[in-house]
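Here the structure is laid out as structure tokens; the discussion comes afterwards.
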Amino acid sequence: MPACLPKVWRLLPAGFLLIALPVAGSQVNTSSGWNMPPGVTGISQNIFSLHMIIFWICVVIALVVFGVIFWSLFAYRKSKGAKAAHFHENTLVEVIWTALPLIILVAMAVPATATLKQLYDTSEADMDILVTGHQWRWHYQYMEEDLSFFSNLATPRSQIEGQEDKGDFYLLEVDQPLVVPTGQKIRFLFTSNDVIHSWWVPDLGIKKDTLPGFINESWTRIEEEGTYRGQCAELCGRNHAFMPIEVKAVSPEAYQSWVEERKAAAASEAANVDRERSLDELMQRGEEVYTTYCAACHQEDGGGMPPAFPALKGNALVQEESGRQQHLETVLHGRSGTPMPAYSDTLSLADIAAVITYERNAWGNNSGDRVQPAEIRELLDSDD
Amino acid sequence: MWRVLQAVLAAFFGVQSERKRREDFQQSSPWPFILTGVLMTLVFVVAVGFLAHWASS
Ligand SMILES: [Cu+2]
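Sequences listed follow chains A and B, in order.
Here my numbering is used: the first residue of the first sequence is -16, the next is one more, and so on.
Here my numbering is used: the first residue of the second sequence is 6, the next is one more, and so on.
This is the structure we're talking about:
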């Protein structure tokens, strides 16, 4: 800076920083998308205000500490003839700079501990939901109801592969969301079927690891109706980014009627197992199931990725009568020691029948062969 | 005894004046310092345990 400027002017950059930093910081507080969301539960809002309080404490400390450093550098610079002081210690100053951080830390620990205690208090819940991580989908089981289902990614592959524009909820949408009532204390139990996943929904203030063989707990009470989205937050294999979470909070009445609807649908499906299905019906459902459950390995076009994942297109096992029995067994029970999973517990009888029919007739595998749900049931019964 | 305790507490806190340090190092044996240090560590651990217990109940 030119020496001709008046003295105070030379302080301008430092003054600018002192003012600009907090202003920039306060912008972070608003919904700029840079900050964590305040969320829709008491806990998530407590976490948010803790985060902001501690953030501002850090800002003030930084301004004071760096302010003193920069002022000292400037006021006692060598060109002014400053000489270094030679002394060994100053007990009073040392006591102050040791005690002050201690007091600040304890002051921050008090509200943080109160929130942690709330966070872990899963007692007296109105309902319980078991969340199980699978590669690569979530499974929800309502413990008090006879109700459970898988929640799969619903974003079409054409968006993922860039043939179509991405939707608003790209990779954050599922076929069947977790529906919960507002205003009720919901306890979540978390576990995993295979590797470690993590159930993360920022708006609920929950991020909990799901560990095979262990049960973790958390809880929520959502006050506002709405859809809250999240993702798996623990790298769990190739489709880690494709197992989103969608929580739909509705009024307790709407929740009750949803439960009734689900149960009625399940009952009518069970009653309908013996109904003979047409090839068209099986093919249509089969394609949906294939896309959701099989295409990740065997590919949309049935071409697979040999040698890791065999092609199903033109595959003798999948096409010819002689391979039929083994085809059914493979899909029901998987192939142990290979990545091919068993689907007898994952998919309904109707879905298994449909996807096998689809494989046997899609991509030019025109066997004309139909597999009915009743046949799958018979096969499973005879296995036991 | 008080002098030993003071030295140990100052060590816990992390600040001690040079004058006191010199005096401490004039003692004939280090054992009172070591034993008091170990004892006070135990007291500290138990105290933190109680504090945590109280806070979480
Ligand atoms: Cu995962």
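Glycine included, every Cβ here is placed at the ideal spot set by N, Cα and C.
Query, Result
"Anything in the segment 176 to 199 of chain A with a Cβ closer than 7 Å to a Cβ of chain B? List those residues in chain order, please.", "none"
"Does Val1 of chain B have its Cβ less than 8 Å from a Cβ in chain A?", "Lying before the first or after the last residue shown, residue 1 of chain B is absent from chain B, which here runs from 6 to 62."
"Does the segment 354 to 361 of chain A come close enough to the segment 320 to 335 of chain A to have 3 or more Cβ pairs within less than 8 Å?", "yes"
"Using a threshold of 7 Å, is the CB atom of Glu229 of chain A nearer than that to any non-hydrogen atom of ligand 1?", "no"
"Cα separation between Gln124 of chain A and Thr46 of chain B?", "48 Å"
"Could you pull the start and end residues of the beta strand (DSSP E) that Gln214 of chain A belongs to?", "209 to 215"
"With distance defined between alpha-carbon atoms, name the residue in A:Pro322, A:Arg268, A:Glu361 nearest to Asn344 of chain A.", "A:Arg268"
"When you check each C-beta in the segment 89 to 112 of chain A against every C-beta of chain B, which residues fall closer than 7 Å?", "Thr96, Lys100"
"Along the chain, where does the alpha helix (DSSP H) containing Lys100 of chain A start, and where does it finish?", "74 to 103"
"Suppose the cutoff is 8 Å on Cβ atoms and the five residues either side in sequence are ignored; what does the same chain contact list for Ser234 of chain A look like?", "Pro164, Thr165, Glu208"
"Nearest to Val162 of chain A by CA position, among A:Trp54, A:Gly145, A:Phe133, is which residue?", "A:Phe133"
"Secondary structure at Asp352 of chain A, three-state DSSP: helix, strand or coil?", "coil"
"When you compare only the Cα positions, how much space is there between Ser61 of chain B and Ala15 of chain B?", "30 Å"
"Can you give the beta carbon distance from Ala95 of chain A to Leu33 of chain A, rounded, assuming they're within the 8 Å contact cut?", "6 Å"
"Strictly under 8 Å for the Cβ-Cβ distance: is Phe17 of chain B near chain A by that measure?", "no"
"Between which two residues does the beta strand (DSSP E) carrying Gln124 of chain A extend?", "120 to 125"
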